[in-house]
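Read the sequence shown against full-length UniProt numbering and you will find it ends at 707, with the numbers running on by one and no gaps.
By construction, the Cβ of each residue, glycine as well, lies at the ideal position given by its N, Cα and C atoms.
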Amino acid sequence: MLDILVQEEKERESGETGPCMEYLLHHKILETLYTLGKADCPPGMKQQVLGFYTKLLGRIKQPLLPHINVHRPVQKLIRLCGEVLATPTENEEIQFLCIVCAKLKEDPYLVNFFLENKLKSSASKGAASVIAEDTLKGQDSLSTDTGQPCRPQELSAAAGTEQPEFDPEPPRQVDDLSTSLDNLSVTSLSEATVVRPNQDYNLVNSLLNLTRSPDGRIAVKACEGLMLLASLPEPAAAKCLTQSTCLCELLTDRLASLYKALPPSVDPLDIETVEAINWGLDSYSHKEDASAFPGKRALISFLSWFDYCDQLIKEAQKTTAVALAKAVHERFFIGVMEPQLMQTSEMGILTSTALLHRIVRQVTSQVLLEEMVFFILGEQREPETLAEINRHPLRHRLIEHCDHISDEISIMTLRMFEHLLQKPNEHILYNLVLRNLEERNYTEYKPACPEDKDVVENGLIAGAVDLEEDPLFTDISPDNTLSNQEWLSSSPPATPEHPKNDGKTEVHKIVNSFLCLVPDEAKSSYHVEGTGYDTYLRDAHRQFRDYCAVCLRWKWPGSPKALEKCNLEATFFEGHFLKVLFDRMGRILDQPYDVNLQVTSVLSRLSLFPHPHIHEYLLDPYVNLASGCRSLFSVIVRVVGDLMVRIQRIQDFTPKLLLVRKRLLGLEPEGPVIDHLTLLEGVIVLEEFCKELAAIAFVKYHASSTP
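This is the structure in structure tokens:
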């Protein structure tokens with residue numbers, strides 16, 4: 001029969017229906033085949049029917065699905081698929097469902113034929129029926145044709161539906177399907193009708209059943225089919241997908257069960273280093289794996305399913321994507337991950353933070369990323385205050401973990417924040433840092449008048465770190481400060497909102513300020529080749545270019561907000577995140593080397609962002625700090641002051657420092673333990689960090705001064 005139909009189509013002009021096809025359509029042959037397949041009579045008939053439908057839809061070029069005598073039996077056959085798992089016909093079932101999905105992808109409007117009226121009620125009699133053509137002709141597409149009741153699994157899922165909406169009189173366009181339960185008291189409806197919206201999406205339900213197949217290939221095919229359906233642009237289908245099927249539940253419940261199946265003893269380092277996971281390729285053999293570790297199978301299963309959720313949301317139609325991401329947020333992030341991250345067991349904190357770090361690195365969908373950011377940081381955008389620091393408990397706890405008694409937890413959490421800052425989402429940086437710098441109330445505004453000239457020329461900045469009295473800054477003189485003319489010449493062109501004097505200090509002064517911070521007797525890099533300041537320039541240039549490309553769409557200003565427009569009276573608080581980073585930076589001489597590397601790494605990432613307030617606050621040593629405020633530069637000045645005192649007490653300081661540097665670089669073999677090792681390593685990190693900040697300042701200035 002199939003060969004005859006294919007041959008007939010080849011012999012005719014395209015689009016013309018031949019007599020054999022006419023016969024097939026008019027005499028409801030597909031209905032007859034469906035009935036035989038459903039009864040599986042003779043045995044094996046279901047397999048043959050599924051194969052015939054699949055090949056017919058796949059090999060006939062003219063569109064068949066719009067015909068009522070095609071899409072109605074196709075619909076009914078769809079309901080037979082996935083009823084029982086691991087049946088002999090599973091392979092044919094998934095092939096058939098996938099060919100239907102492929103046809104819908106070619107012509108998305110056809111999906112409307114597969115949204116069926118679900119529950120009959122007296123209220124819906126005489127109402128215009130929902131899109132499915134056979135219901136428009138007055139026939140019930142769900143139970144009267146097949147005699148098959150609603151699946152118990154759908155009704156059980158209905159009890160936990162996320163959006164209790166439905167339409168008492170379903171309109172033609174399901175876009176307007178937003179009658180809330182509050183409005184239903186006037187209509188006399190049976191209890192059953194209120195359970196879910198009056199639509200069924202059996203194609204999705206059958207695929208959802210097959211994702212549970214014990215055969216991995218069948219499950220992957222079913223996932224592919226769901227991805228195709230989720231990406232269809234039809235709003236009616238998107239609404240039905242998220243409100244009338246168990247898709248949200250499937251994604252989140254499986255994520256939760258795979259997360260809970262992870263052994264608590266899984267090594268955080270293994271979570272970090274396990275190779276990248278693609279959701280369709282998670283076949284894993286423990287015997288063949290040379291780098292196997294306990295819990296690897298469970299970890300790969302969890303990460304691959306998370307990757308599937310991420311890709312599905314990335315491909316999905318917009319309203320579907322938002323609904324799925326919100327479900328992951330509420331049912332998985334808050335329901336499962338948050339209690340793990342808020343626990344007090346150090347081992348538990350470390351493992352759950354490593355998993356959070358891993359999925360932060362892995363997420364690529366913008367919609368899911370936004371939900372993840374709101375989960376970690378909250379949605380607040382107003383400036384932080386010390387009194388309300390605990391407003392979003394998880395954010396507060398994670399930032400506190402950056403200064404945890406366990407160095408491992410501190411490093412892991414700092415790494416998570418470092419990767420979070422690299423994600424293309426404006427709210428991350430705004431929530432952590434920018435909202436507190438918006439009013440520039442870390443500066444002291446001094447209008448230009450003659451009395452102030454002496455203050456500036458003497459290098460005295462009221463309320464700020466007094467550089468003149470600091471033994472390190474005796475070289476500041478009127479020659480080294482900027483005249484008004486120099487300030488103006490180094491500034492970008494003025495705009496109406498930003499007057500000329502925006503405080504952009506000449507770059508060579510900034511670079512030298514950072515390079516001269518660490519005194520010569522505490523420097524060791526000039527004794528070792530290839531460790532000069534210029535080595536940081538290439539990295540800074542590349543990283544800054546990448547950050548600019550990401551931040552371009554956020555429409556950040558080119559120069560700081562005019563001080564006249566800022567609320568300088570407000571009390572300045574740098575925010576919880578910078579407070580913890582500055583506190584740790586202040587202890588750089590007494591912390592382990594690995595912690596110092598991670599703290600300075602996060603701070604250098606922050607200083608790379610091309611926002612004028614970040615640049616001013618983190619990279620301008622000459623900013624007029626308001627009373628009681630600290631900046632990154634002032635924190636480092638205090639560390640250097642402490643260092644100068646402590647150097648005097650250490651015998652052979654410079655040779656020891658050089659030996660430690662060579663050991664860290666692998667130029668010297670490990671030998672006897674050197675005393676004051678933590679301090680010496682801290683000095684080396686401090687020197688390198690100052691060089692890195694100088695390079696970043698130079699690259700940013702150069703980028704802003706070239707068109």
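Boundaries of the alpha helix (DSSP H) in which residue i is found, first to last residue
{"i": "Arg661", "result": "Phe653 to Leu664"}
{"i": "Val274", "result": "Run containing Val274: none; DSSP gives neither H nor E here."}
{"i": "Trp556", "result": "It is not in any alpha helix (DSSP H) - Trp556 carries neither H nor E in the DSSP assignment."}
{"i": "Gln95", "result": "Glu90 to Glu106"}
{"i": "Gly378", "result": "Element bounds for Gly378: n/a, residue is neither H nor E."}
{"i": "Met416", "result": "Asp407 to Leu421"}
{"i": "residue 727", "result": "In the structure as shown, the chain starts at 1 and stops at 707, and residue 727 therefore has no counterpart that could be examined."}
{"i": "His613", "result": "Pro612 to Leu619"}
{"i": "Tyr34", "result": "Ile29 to Ala39"}
{"i": "Ala236", "result": "Pro235 to Gln243"}
{"i": "Arg361", "result": "Glu346 to Gln362"}
{"i": "Asn69", "result": "Ile68 to Leu80"}
{"i": "Met585", "result": "His576 to Gly586"}
{"i": "Glu22", "result": "Pro19 to His26"}
{"i": "Pro393", "result": "Pro393 to His401"}
{"i": "Ala387", "result": "Here Ala387 belongs to no alpha helix (DSSP H), and DSSP marks it neither H nor E."}
{"i": "Gly295", "result": "Note, Gly295: premise wrong, no alpha helix (DSSP H); not H, not E."}
{"i": "His508", "result": "Val507 to Leu515"}
{"i": "Phe332", "result": "It is not in any alpha helix (DSSP H) - Phe332 carries neither H nor E in the DSSP assignment."}
{"i": "His527", "result": "Premise fails: His527 is in no alpha helix (DSSP H) and is neither H nor E."}
{"i": "Arg59", "result": "Met45 to Arg59"}
{"i": "Lys260", "result": "Leu247 to Lys260"}
Whole-angstrom C-beta distance between residue j and residue i, which should lie under 8 Å
{"i": "Thr245", "j": "Ala323", "result": "Between Ala323 and Thr245 the Cβ distance is about 11 Å, and since that is not below 8 Å, they are no contact."}
{"i": "Leu65", "j": "Leu110", "result": "5 Å"}
{"i": "Ala697", "j": "Val511", "result": "6 Å"}
{"i": "Val683", "j": "Ala522", "result": "5 Å"}
{"i": "Leu210", "j": "Glu93", "result": "7 Å"}
{"i": "Leu665", "j": "Ser607", "result": "Leu665 to Ser607, Cβ: 25 Å. No contact."}
{"i": "Glu670", "j": "Arg661", "result": "With a Cβ gap of about 14 Å, Glu670 and Arg661 do not count as contacting."}
{"i": "Met96", "j": "Tyr34", "result": "According to the sequence displayed, residue 96 carries Phe and not Met. Not confirmed; about 12 Å, so no contact."}
{"i": "Leu659", "j": "Ile674", "result": "7 Å"}
{"i": "Tyr593", "j": "Val685", "result": "7 Å"}
{"i": "Val328", "j": "Leu255", "result": "7 Å"}
{"i": "Tyr201", "j": "Phe114", "result": "7 Å"}
{"i": "Phe577", "j": "Leu432", "result": "4 Å"}
{"i": "Met412", "j": "Leu350", "result": "6 Å"}
{"i": "His392", "j": "Thr353", "result": "With 8 Å as the limit, His392 and Thr353 do not qualify as a contact, their Cβ atoms being about 17 Å apart."}
{"i": "Tyr445", "j": "Leu563", "result": "5 Å"}
Residues near residue i in its chain [Cβ-Cβ closer than 6 Å; skip 5 each side]
{"i": "Glu31", "result": "Pro73"}
{"i": "Leu251", "result": "Cys309"}
{"i": "Gly37", "result": "Met45, Lys46 and Val49"}
{"i": "Ala237", "result": "Val111"}
{"i": "Trp554", "result": "Glu426"}
{"i": "Cys566", "result": "Glu439 and Arg440"}
{"i": "Asn69", "result": "Leu25 and Lys28"}
8 Å Cβ cutoff, residue i in contact with chain C
{"i": "Ser265", "result": "The chain labelled as chain C is not found in the depicted structure, where only one protein chain is given."}
Beta-bridge pairing of residue i - partner residues as DSSP gives them
{"i": "Asp200", "result": "Glu116"}
{"i": "Leu625", "result": "Thr443"}
Residues near residue i in its chain [Cβ-Cβ closer than 7 Å; skip 5 each side]
{"i": "Glu346", "result": "Ser406 and Ile409"}
{"i": "Arg395", "result": "Ile376, Leu377 and Gly378"}
{"i": "Ala316", "result": "Ala230, Ser231 and Leu324"}
{"i": "Ser615", "result": "One point to set straight first is that residue 615 is His, not Ser, in the sequence displayed. Once the five neighbours on either side are set aside, the close Cβ partners of His615 are Lys700."}
{"i": "Arg638", "result": "Gly586"}
Nonlocal neighbours in the same chain, by C-beta distance under 8 Å from residue i, ignoring five residues either side
{"i": "Thr678", "result": "Leu589, Asp590, Gln591, Pro592 and Tyr593"}
{"i": "Lys423", "result": "Val360, Val363, Leu369 and Val373"}
{"i": "Tyr442", "result": "Phe572, Glu574, Tyr617, Val623, Leu625, Ala626, Cys629 and Ser631"}
{"i": "Thr146", "result": "No answer about Thr146 holds up, because its pLDDT of 35 lies below 50 and its placement is not dependable."}
Any non-hydrogen atom of the ligand PLP within 7 Å of residue i CB
{"i": "Phe572", "result": "As far as ligands go, the structure on display features none, and thus does not contain the ligand PLP."}
Decide if the region 354-373 is in contact with the region 536-552; the criterion is three or more beta carbon pairs, one per stretch, under 8 Å apart.
In short, these stretches do not touch, since the Cβ pair count stays below three.
Three or more C-beta pairs below 8 Å linking the region 563-581 and the region 625-639:
Segments in contact, yes.
I'd like to know if the region 95-114 and the region 53-65 are in contact, where contact means that at least 3 CB-CB pairs between them fall below 8 Å.
Touching, yes.
Are the region 428-444 and the region 594-603 touching, with three or more C-beta to C-beta distances below 8 Å?
The region 428-444 vs the region 594-603: no contact.
Across the region 642-655 and the region 603-623, are there enough close Cβ pairs to call them in contact, namely three or more that are closer than 8 Å?
Segments in contact, no.
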